[in-house]
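Undergrad: With my numbering as the guide, the letters of the sequence shown map in order to residues 57 to 285. All C-beta atoms, glycine included, are put in the ideal place defined by N, C-alpha and C. Source: prediction; values computed, not measured. Let me begin by handing over the structure; questions about it come next.
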Amino acid sequence: GAPRASVSGGGEGLLSSLRSARGSRRGGGVGEQQRHQRKRRAVSAQSAGATAVHADDPANFSLGEIVLVEEAMADGSVKRVVFNTGLDVDARELEKLCDKVGWPRRPIRKVELALRSSYVVATLHAQTLKDGGSGGELQLVEDSLVGLARATSDNAFNATIWDVLVDPELQGQGLGKALVEHTVRTLLRRDIGNITLFADGTVVDFYKGLGFETDPSGIKGMFWCPSSW
């Protein structure tokens with residue numbers, strides 16, 4: 057079906073009292089540990105004769121990991137929500153998140169293909185870090201997918217954002233806004249200037265607040281919907 061967006065919601069989330077720390081980046085031992093624990097998507101040549109991709113190529117730009125919210129707990133642990141791009145996403149974990157926001161189930165094979173074919177896959181992860189007892193460095197003990205947005209692109213001019221969703225228990229805290237803003241920023245830094253998306257009528261105002269317009273300059277989005285074939 058048509059892509060939807062599920063990013064707004066009322067009520068108190070699990071981290072509703074978290075101190076905002078948008079834009080701050082991780083560092084120290086935690087970063088080293090996570091770099092080894094998480095497999096990053098490899099940039100590979102599309103054919104044997106293709107030119108190797110360079111890290112400074114704008115097409116490979118990534119904002120890296122950004123801590124959006126963070127709170128120190130009474131037991132010494134730290135809970136936070138982190139934005140990232142380029143991480144491998146388990147299709148089954150994504151579908152569990154889709155279940156939570158009420159989206160219909162999709163074939164896992166197709167979800168995996170959609171993720172692999174995406175130009176950008178941006179994620180939000182809820183993490184818990186605790187003192188590992190070695191040099192006082194915090195160790196990652198819990199890490200779960202709580203938000204995602206992905207974009208397809210012609211890799212030059214145009215990109216379309218799909219599947220924007222945030223765990224209902226964490227909605228209403230600005231995480232959806234941050235997710236979309238950072239996804240758009242990633243695309244702009246990759247020199248993609250024409251960015252579009254599809255949205256349910258209930259979230260049109262949300263996207264307008266982020267700079268999106270409906271029918272700009274009279275341009276209409278059109279769907280192939282033949283009455284007969």
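What residues match up with glutamine 183 in a beta bridge as DSSP calls it?
TA: Arg136 and Asp199
Undergrad: On the criterion of 16 or more Cβ atoms from any shown chain inside 10 Å, does aspartate 223 qualify as buried, or is it exposed?
TA: buried
Undergrad: If you count every other CB in all the chains shown that lies within 10 Å of the CB of aspartate 210, and 16 or more means buried, which is it?
TA: So aspartate 210 counts as exposed.
Undergrad: Please return the same chain residues whose Cβ sits closer than 7 Å to the Cβ of threonine 252, not counting the five positions on each side in sequence.
TA: Thr216
Undergrad: Can you look up serine 209 in the DSSP assignment and give me helix, strand or coil?
TA: strand
Undergrad: Taking Cβ to Cβ, would you say valine 167 is nearer than 9 Å to threonine 141?
TA: no
Undergrad: How big is the Cα-Cα spacing for threonine 208 and lysine 186?
TA: 37 Å
Undergrad: Between serine 200 and the rest of its own chain, which residues show a CB-CB distance below 6 Å, the 5 nearest in sequence each way excluded?
TA: Ala182
Undergrad: Cβ of arginine 165 within 9 Å of Cβ of glutamate 151?
TA: no
Undergrad: Along the chain, where does the beta strand (DSSP E) containing valine 125 start, and where does it finish?
TA: 122-128
Undergrad: Hey, is alanine 130's beta-carbon within less than 9 Å of any beta-carbon in chain D?
TA: Annotation note: the requested chain D is absent from the structure, which comprises a single protein chain.
Undergrad: Tell me the start and end of each unbroken beta strand (DSSP E) in the region 210-272 that is at least 3 residues and wholly inside, in chain order.
TA: 214-222 and 250-253
Undergrad: Where do the N-terminal and C-terminal ends of the alpha helix (DSSP H) with serine 173 fall, by residue?
TA: 164-173
Undergrad: Determine the extent of the alpha helix (DSSP H) in which cysteine 154 is found, giving its start and end residues.
TA: 147-156
Undergrad: Give a yes or no on whether the C-beta atoms belonging to phenylalanine 139 and threonine 179 are separated by under 9 Å.
TA: Yes, the pair counts as a contact, with Cβ atoms nearer than the cut-off.
Undergrad: Report the option in Ala255, Gly189, Phe279 and Arg172 whose CA atom is closest to the CA atom of glutamate 269.
TA: Ala255
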